[in-house]
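Okay, so the sequence shown: first residue is 6 according to this note's numbering, each after it adds one.
Backbone N, C-alpha and C define an ideal beta-carbon position, used for all residues, glycine too.
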Amino acid sequence: MQENHLGLLCDVGELSALLGTSEDIETFLQRIVEAVGRHIDAEVCTIYVYEEAIGELVLKATVGLNPSSIGRIRLRLGEGLVGTVLERGQMVCEKVASQSPAYKHFDDINEESFDAFLAVPILRGIEKIGVLVVQRQVGRPFSENDGMALRATASQLASAIENARILMAMRTRRKEQRGTDTITGLQMIKCQVASEGFIVAPAFVFDRDKTFRIMREHDFVRTYNLEDFERAMAVTEQQMKALQTRVEERLSGVAALIFDAHLMMLKDSEFAGAMVRRIKQGVNPPRALMDVASEFVDVFSHSENAYMREKSKDVEDLALRLCNNLVGAELQSSTDCSGRIVIARELYPSEMLMLSTENVGGVILVSGGATSHIAILANSLGIPMVIADRPRLMRLRDNVEILLDGHTGEIYLNPPADLVEHHKRDAAVDLEGLKARMQPETRTADDVRVHLMANVNLLVDATLANDMKSEGVGLYRTEFPFLVRADFPSEEEQFAVYQRLFRKVAGQQVSLRTLDIGGDKVLAYYDNPKEANPALGMRSIRFALGHRNILQQQIRATLRAAFGSEIRLRIMFPMIASVDDFRAARDVVRECAAALEQEGVPHYQDPQIGIMVEIPSVIEIIDELATEADFMCIGTNDFIQFMLAVDRGNEKVARYFLPHHPAVLRALKRIADAARRHNTDVSVCGEMAHEIHYVPFFLGIGIRTLSLAPRYLPSVQRAISELTVEQAEAEAAAMLAESTVSGVEAQMKCSVSLAATV
Ligand code: PEP
Ligand code: MG
């Protein structure tokens, strides 16, 4: 008996090796059930695969049951014995299955006589893959040993089945593109909103690493020649140049060189040249292409250097584009995501930019790991984006129709027409109407002046800010030119970008925030030493002070660009934790100004120098900071994160991220009070500033300047205009008097309903 079980495991090992040679997953699974059934001496052996996108276990292969049940028998989690096994993640062994309360009978599958039942879950970590079932005739029950062997088999199978599904996805792509879609029924998934907007479009699963891995092992059936390869090269070069032009048109300056690496590689003798040499030696062009690209990827991806590792993505991207242009017709595959909803595990800012240039329709990130900057970038680029904590969406077939509602955070797979209409109506934002409604000055109902400024990340935001009659730039997140590029921008490059922005908002005040990277704002090309706790690590102003030359270059570029630009320049430092931090950073500005003076380089004289209030430590030293700094700008996103110890980008703790927590509200009041005492300008620039239900609170504690993403300006202006300062003060006082979150919530609800009845 023991021997038999060892044999079973061993054979399954061999079977997983068969994966590469099975022509489809069905054949592969069928071979597995035959082998397992034989080795465990069971008349019936069946595999159910869990399709998370539809939340069902589907019978995929069987020996012993009616073959017509394949693909037909479906069970939800917890349904029947099989569903129960997967839901609980536990083995079920029954001497007489039909007597179990969980048993579910199906007509026509012929299992009546096989009542001895043993089933184990197939799991990978916490991921549910499927269920493996064996059945015998009554009177031949399964033993403990059988259970152990089946469990071990299932654990071996897990990764093979997972891989098999990927393989199947590739091989059946042709079929899918003809419209055969096994996902049936309407599915709604609730997600976290990262960037508002609405779109209905076909899915495009963006998993470049995996696609590349599969392509490097692909058996290219058709033979191509050198001319085909050269044609594909020419097409690819043209495509890259077109993308380059488009990115420049849209984003000017910031990401000018983003596709340069691709273009250079296309001309490189070690890359394209090596491919040509192999083709001339008789290698089929797609094989030569993938082989050379693989060698590059292997070298780059194992590099010690982050910049080089990042380059491996460029190689993969280029190779896939090239390969697609060469054999696309054969594979019926496409790298074109234009107008589609991209589903990805994670995205680098540069990838987001690339997708935007290719006119992506929307983005679904499935790992729940959106960095705040990816979300902010998607906002600036006008790409609707949600975060769905559903890694299984990566298995969705390309071209499945998706409705993405970036207002409610809902996505629907295969939405019916009436649902689309319904959401479309709700989501329609009349941007033109909003622009027209916006007044150049904002006043409360009792005529108190409030200043509405714009948060700007990319130059495109400044255009919308102007259209929305923003009064200035309350927060310019300068890390974006750094984040979307492939390397650190030079002083000259930064100078060009800042100058363009300053010219665009001439006559206005601009609060330029110095480089705020580290933590969740990762530069892909910079080798951040591994930190156990990057959110509390070498980031932001600490990074800048630790890399003085980078900060100096930025300050020099800023002061030079502001010269003669007719803006009122303010420089502010992020993540200031102490007066000492502030002084050290301010010294750098003074040194840079002195150096420019000495060099005779024209530069802006005496910018205001201020701080971002983002770290709770400043509360206790707020009077000193309010005295030293020319102004203070409250970054509620980080302030709340650190005050409440809640990761702002972690969907799992999103419900603890509470702007209306009494501690947050009272701390904000203390900052506003200190600013008033010392006559220091104070503003709010975190996301909280655009949430209209906090408008009364901010006005009530004396805040008179808010800075927000431009598209929210009209709604905030309207909320302000409907309120008197007296009302706002009463509301703020009532909120501040509450000592619990629920108390504040009740208070806010009460004032909303009061407002509605007025
Ligand atoms: C903030 O923390 O509130 C802020 C405005 O900065 P960022 O979102 O860029 O961290
Ligand atoms: Mg911040």
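What first and last residue would you give for the alpha helix (DSSP H) that runs through His552? Neither: His552 is in no alpha helix (DSSP H) and is coded neither H nor E.
Which residue from Ala159, Lys100, Glu132, Ser118 puts its Cα closest to that of Val125? Looking from the CA of Val125, the closest CA among Ala159, Lys100, Glu132, Ser118 belongs to Ala159.
State yes or no: is the C-beta of Gly515 within less than 7 Å of the C-beta of Pro354? Correcting the residue type first, residue 515 is Val in the shown sequence and not Gly. No. Outside cutoff.
For a test of the three-state rule: what should DSSP assign to Asp451, helix, strand or coil? Coil at Asp451, not helix or strand.
Helix, strand or coil for Cys229 per DSSP? Note that residue 229 is Tyr in the sequence shown here, rather than Cys. Coil.
Beta-carbon proximity of Ala738 to Ile706, cut-off 7 Å: Taking 7 Å as the Cβ cut-off, Ala738 and Ile706 do not qualify as a contacting pair.
Examine ligand 2 and report whether any of its heavy atoms sits within less than 6 Å of the Cβ of Glu484. No, since every heavy atom of ligand 2 falls outside the 6 Å radius drawn around the Cβ of Glu484.
Between the alpha carbons of Pro494 and Val226, how many angstroms are there, rounded? Taking the straight line joining both Cα atoms gives about 45 Å.
Beta strand (DSSP E) runs contained entirely in the region 558–591, provided each spans 3 or more residues: Correct list: 573–578.
For the alpha helix (DSSP H) containing Leu123, name the first residue and the last one. Not the alpha helix (DSSP H): Leu123 falls in the beta strand (DSSP E), residues 121–129.
Which residues DSSP lists as bridging Val198, in chain order: Looking at the DSSP assignment, Val198 forms a beta bridge with Val391.
Rounded separation between Lys316 and Leu323 - CA only: Their Cα atoms are separated by approximately 11 Å.
Check the DSSP bridge columns for Ile204 and list the partner residues they point to. In DSSP, Ile204 forms a bridge with Leu409.
Is the beta carbon of Leu728 sitting closer than 7 Å to the one on Ala450? Contact check for Leu728 against Ala450 passes: the beta carbons are separated by less than 7 Å.
At the 7 Å Cβ level, is Met269 part of the contact set with chain B, yes or no? As a matter of chain content, chain B is missing from the structure shown, which is built from one protein chain.
Terminal residues of the continuous beta strand (DSSP E) containing Leu704? For Leu704, no beta strand (DSSP E) encloses it; the enclosing alpha helix (DSSP H) starts and ends at 700–705.
Test item: CB-CB of Pro207 and Arg345 under 7 Å: Going by C-beta atoms, Pro207 is nearer than 7 Å to Arg345.
By the three-class DSSP mapping on this structure, what secondary structure does Leu1 have? The chain is shown from 6 up to 763; residue 1 falls before or after that span and cannot be answered.
So, helix, strand or coil for Gln286, using DSSP? DSSP, reduced to helix, strand and coil, places Gln286 outside both helices and strands of the structure shown, so it counts as coil.
Can we say the region 38–45 touches the region 130–149, given the rule of at least three CB pairs closer than 8 Å? The region 38–45 makes contact with the region 130–149, as at least three CB pairs between them are under 8 Å.
Any non-hydrogen atom of ligand 1 within 6 Å of Gly524 CB: Exclusion of Gly524 from the 6 Å shell around ligand 1 follows from its C-beta lying no nearer than that to any non-hydrogen atom of the ligand.
Rounded straight-line distance, which links the Cα of Met269 to that of Thr692: Reading off the sequence, residue 692 comes out as Glu, not Thr. Approximately 40 Å, taken between the alpha carbons.
Excluding the 5 residues flanking Met648 on each side, which residues of the same chain have their C-beta closer than 8 Å to its C-beta? Excluding five sequence positions before and after Met648, the CB atoms of its chain that fall closer than 8 Å to its own CB belong to Pro621, His666, Ala668, Val669, Ala672, given in chain order.
CA nearest to the CA of Asp525, picked from Glu351, Glu602, Leu398, Ile576: That would be Glu351, whose Cα lies nearest to the Cα of Asp525.
Leaving out five residues before and five after Phe211 in sequence, what residues of the same chain have Cβ atoms less than 6 Å from its Cβ? Taken in chain order, the residues that qualify are Val347, Ala349.
Taking the continuous alpha helix (DSSP H) assigned at Leu398, which residues delimit it? Counting along the chain, Leu398 falls outside any alpha helix (DSSP H), and DSSP gives it neither H nor E.
Simplified DSSP assignment, three categories, for Ile369: The three-state reading of DSSP puts Ile369 in strand, counting E and B together.
Cβ-based neighbour list, Ser361, same chain, cut-off 7 Å, excluding 5 preceding and 5 following: Counting only Cβ-Cβ distances below 7 Å, and skipping sequence neighbours, we find Leu386, Ile388.
Which residue marks the beginning of the beta strand (DSSP E) containing Phe662, and which one marks its end? For Phe662, there is no enclosing beta strand (DSSP E), as DSSP gives it neither H nor E.
So, is Thr228 buried or exposed, given that buried needs 16 or more other C-beta atoms within 10 angstroms? By the neighbour-count rule (16 or more Cβ atoms within 10 Å), Thr228 is not buried but exposed.
State the beta-bridge partners of Cys50 as determined by DSSP. Beta-bridge pairing links Cys50 to Val68, Val139.
Tell me whether Glu619 counts as near ligand 1, meaning its Cβ is closer than 6 Å to at least one heavy atom of that ligand. Yes.
Run of the alpha helix (DSSP H) containing Thr362, from where it starts to where it stops: DSSP places Thr362 inside the alpha helix (DSSP H), whose first and last residues are 354–362.
Pull up the distance between the alpha-carbon of Arg221 and that of Val302, whole angstroms please. Going by C-alpha positions, Arg221 is about 11 Å away from Val302.
Whole beta strand (DSSP E) runs in the region 503–545 with 3 or more residues, listed along the chain? Listed in chain order, they are 514–518.
Residues near Ala599 in its chain [Cβ-Cβ closer than 7 Å; skip 5 each side]: Closer than 7 Å at Cβ, skipping near neighbours: no residue.
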